[in-house]
Amino acid sequence: MKLSIILFCLVTGISGGSQPFDNMQASLVLTQTVPLNIVYPLCVIRTFAFDFAPSGIPKADGRLLPININQAIFSIVGTTYGGDGRLTFALPSLQGTAIISSGQGNGLSNYHLGDQIGSQQVTLTKNRMPAHAHSIPNSIDFTGFTGGSQPFLNVQPSLSMNYLICISGIYPSRSSTIQQLPFIGQIVPYTGSSIPNNWALADGSLLPIQRNLALFSLIGTIYGGDGQTTFRLPDLRGRAMVGVASGSNIQLGGTSGAESVTLLVDNLSAHQHSLAGSKYNASQTGLIGSGVPLDNRQPVLGITYLISLVGTFPSRDSGTVDPHLPYLGEIFAFAGNFEPQNWAFANGRLLSISQNTALFALIGTTYGGNGQTTFALPDLRDRVVLGSGGLFTIGQQLGSSTVTLSVNQIPAHAHSLNP
30 MKLSIILFCL VTGISGGSQP FDNMQASLVL TQTVPLNIVY PLCVIRTFAF DFAPSGIPKA
90 DGRLLPININ QAIFSIVGTT YGGDGRLTFA LPSLQGTAII SSGQGNGLSN YHLGDQIGSQ
150 QVTLTKNRMP AHAHSIPNSI DFTGFTGGSQ PFLNVQPSLS MNYLICISGI YPSRSSTIQQ
210 LPFIGQIVPY TGSSIPNNWA LADGSLLPIQ RNLALFSLIG TIYGGDGQTT FRLPDLRGRA
270 MVGVASGSNI QLGGTSGAES VTLLVDNLSA HQHSLAGSKY NASQTGLIGS GVPLDNRQPV
330 LGITYLISLV GTFPSRDSGT VDPHLPYLGE IFAFAGNFEP QNWAFANGRL LSISQNTALF
390 ALIGTTYGGN GQTTFALPDL RDRVVLGSGG LFTIGQQLGS STVTLSVNQI PAHAHSLNP
C-alpha cells in the first residue's frame with residue numbers, strides 16, 4: 030500500500046510594501062536669519078515673509094564663520110552648531126527644520142542646546158506594526174500574530190535652541206504701534222545659553238504677578254498660574270510653536286502632539302494575505318485594518334504669530350539698520366492674544382494691494398491672492414515654521430497634521446498558519 034503525503038504551506042502570502050510615509054506635520058517655509066551685529070539680543074533668530082535675508086544678515090543655513098572676526102558671536106554659540114572651535118564655528122542650519130526649545134517638558138525627552146532630532150520620512154518595520162492576526166474564511170482558525178507594537182519617533186527634522194520671552198521692554202497694545210523692539214510678550218528662538226537681561230526662558234516657570242504686572246496684563250493665566258499671586262510663562266521645552274487665530278484647531282496656550290506614536294490595528298490600511306498552497310478552503314485571509322488616520326504632530330504649543338505691516342523696508346544689500354525697529358514683513362511670535370496696531374495675525378487673510386503697496390512689493394502672491402487687487406499674508410494657523418534653503422522654498426507648504434497609511438506603507442509581512 031502506498032501512502033501519499035500532502036504538504037501544505039504554513040505561512041501566508043506577503044502583504045504591505047514597506048514604503049516610507051511623510052513625517053512632516055503641517056509646516057510653512059519662511060526666511061530665517063542670524064543677525065551678527067544687532068543687540069536685541071544678539072544671536073536671536075529673525076524670521077521674514079520675503080525671500081531674502083535683509084541688510085546682509087546671514088541666513089540660518091549652517092554656514093561656517095571665522096572666529097577671529099566674529100568673537101562676540103562665537104562667545105555665545107561656540108561650536109554648538111559645528112565648526113572646529115579653533116578657526117571656525119557654524120551658524121545653526123534651519124533649512125527644512127523646525128525649532129524646539131531645550132530642556133525637558135512635562136512627559137517629554139530632555140533636549141540639549143544644538144540637539145538635532147527627527148526625520149522627514151518614516152519607514153515602519155514589523156516591530157513597529159501593531160500585533161495582529163487575520164481570520165480565515167470558512168474556518169474557526171486565525172493566522173498567527175505578526176507585529177511588535179513598538180512606538181516610532183513622530184518628530185520631523187528639528188533643532189533644539191532656547192526660546193526666550195521678553196519680560197521687560199516696550200508695552201504692546203491694540204491701540205498703539207510697536208515702534209521699537211523688543212516688546213513684552215515677544216518670543217524669540219535664541220542660539221545661546223546665557224539668558225540676556227529682560228528676557229526669560231519660555232520654560233513654564235511661575236512668576237510673581239506683583240513683580241511682572243505688565244507681562245501678566247498681557248498673558249494672564251493663559252499658560253497657567255493661580256491668577257492671584259502667580260502666573261506661568263509658556264512652556265516650550267521639547268515643543269515647536271504653531272500659530273493660532275480664528276479658524277485654528279489649537280488654542281492659544283494649548284498643547285498637542287506626541288514624540289512617539291504606537292500604531293493601533295485600526296490605523297493599518299485594510300489588507301489581507303494570500304492563502305495559496307494552504308490547507309484552507311479559501312484564497313485570502315479576512316481583512317483587518319480600518320485606515321484610521323494617525324496624529325502626525327510632534328509636541329507643539331499654540332502661540333500667536335504676527336507680521337509687521339509697517340516697518341523698515343528691507344534692502345538686499347548690507348547697510349546700517351536700527352536694530353530696535355522691526356522690518357516690514359517681519360514675523361514674530363507673541364504670547365498675547367491680540368494684534369497691536371500696524372501688525373496683523375499671520376492667518377492667511379487677504380489684504381488690499383493698493384493699501385499695502387510696500388508689503389506687496391516684498392511678498393507678492395507668494396501666499397495667495399489674485400495679484401491684481403489682493404494678496405495674502407502667510408498662514409501659520411496650525412503650522413510650524415521651517416527655514417528656507419536647499420529644497421525648501423519660501424512660501425512652500427509641507428506636511429499634514431494626520432497621516433492615513435496605504436497598504437504600500439505598512440511593513441511587508443506574512444503570518445504563520447496552523448499545520
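The sequence shown begins at 30 in our numbering and counts up by one. Each residue gets a CB set at the ideal place from its N, CA and C atoms; glycine is no exception.
- request: Out of Q124, Q301, S319, point me to the one whose CA is closest to H444's CA.
  value: Cα-wise, what sits closest to H444 is Q301.
Under 8 Å between C-beta atoms of I452 and P64: Nothing about residue 452 can be read from this structure; the chain reaches only from 30 to 448.
- request: Output the distance between the C-alpha atoms of S435 and S312, rounded to the nearest integer angstrom.
  value: It is roughly 22 Å from the alpha-carbon of S435 to the alpha-carbon of S312.
task: Could you tell me which of D295, T152, P263 sits nearest to D51, measuring between CA atoms?
output: Ranking the options by Cα distance to D51, first place goes to T152.
- prompt: Cα-Cα, which of N167, A229, P355 is closest to K308?
  reply: Selected option, being the one with the closest Cα: N167.
field: Separation of G173 from A231, as counted between CA atoms
entry: Those two C-alpha atoms are separated by around 50 Å.
field: Backbone CA spacing between R203 and Q370 [nearest angstrom]
entry: Rounded to whole angstroms, R203 to Q370 spans 6 Å at the Cα level.
field: Spatially closest choice to G114 from G176, Y140, L94, G147, by CA coordinates
entry: The residue with the shortest Cα to Cα distance from G114 is L94.
- request: Measure from the alpha carbon of I146 to the alpha carbon of each residue in P263, K155, S131, then state which is nearest.
  value: The shortest Cα separation from I146 among P263, K155, S131 belongs to S131.
- prompt: Is the CB-CB distance between Q48 and N437 below 8 Å?
  reply: Yes.
- prompt: Can you tell which of A373, M270, V414 has the C-alpha that lies nearest to the C-alpha of L330?
  reply: Closest in alpha carbon position to L330, among A373, M270, V414, is M270.
task: Might you give, ordered along the chain, the residues of its own chain that have their beta carbon closer than 6 Å to the beta carbon of G286, omitting 5 neighbours on each side?
output: The beta carbon of G286 sits closer than 6 Å to those of R326, Q327, P328, V329, all from its chain and outside the five residues before and after it, given in chain order.
- prompt: How big is the Cα-Cα spacing for K31 and P322?
  reply: For K31, the pLDDT reaches just 48, beneath the cut-off of 50, and the residue's location in the model is therefore unreliable, although a value from the coordinates is still provided. Distance between the alpha carbons of K31 and P322 is about 57 Å.
message: Measuring only the C-alpha atoms, how far is Q185 from F342?
response: Near 33 Å, if we compare the C-alpha coordinates of F342 and Q185.
task: Return helix, strand or coil for K88, following the three-state DSSP convention.
output: Correct three-state label for K88: strand.
field: Which of helix, strand or coil DSSP assigns to A243
entry: Helix at A243.
query: Using the rule of at least 16 other Cβ atoms within 10 Å of the residue's Cβ for burial, across every protein chain shown, is A375 buried or exposed?
result: The residue is buried, with at least 16 neighbouring Cβ atoms inside 10 Å.
message: Just verifying my parser: in three-state terms, what is the DSSP assignment at V40?
response: The DSSP-derived three-state label of V40 is strand.
field: C-alpha distance - V413 paired with T126, whole-angstrom precision
entry: Rounded to whole angstroms, the gap between the alpha carbons of V413 and T126 is 9 Å.
task: Name, in chain order, the residues that DSSP records as bridge partners for F181.
output: Partner(s): V290.
- prompt: Under three-state DSSP, which class holds S104?
  reply: Helix, per DSSP.
field: Of the listed residues G214, Q150, D90, A119, nearest to G428 (C-alpha basis)
entry: From the listed residues G214, Q150, D90, A119, the smallest Cα separation to G428 is found for Q150.
query: What separation, rounded to the nearest whole angstrom, lies between the Cα atoms of S122 and I96?
result: The alpha-carbon atoms of S122 and I96 are separated by roughly 18 Å.
- prompt: How is F389 classed by DSSP in three states: helix, strand or coil?
  reply: Of the three classes helix, strand and coil, the one that applies to F389 here is helix, per DSSP.
- prompt: Which value, in whole angstroms, describes the spacing of the CA atoms of M53 and L391?
  reply: The straight-line gap from Cα to Cα measures roughly 28 Å.
message: Restricting to Cα atoms, I'd like to know which of G176, D80, D144 is closest to T108.
response: Ranking G176, D80, D144 by Cα distance to T108 puts D144 first.
message: So, with DSSP's three-state summary, where would you put V436?
response: Of the three classes helix, strand and coil, the one that applies to V436 here is helix, per DSSP.
- prompt: Any idea if S44 is buried or exposed, counting beta-carbon neighbours within 10 angstroms, 16 or more meaning buried?
  reply: That one is buried.
message: I need the boundaries of the beta strand (DSSP E) containing P95, first residue and last residue.
response: For P95, the uninterrupted beta strand (DSSP E) run begins and ends at 93-95, by DSSP.
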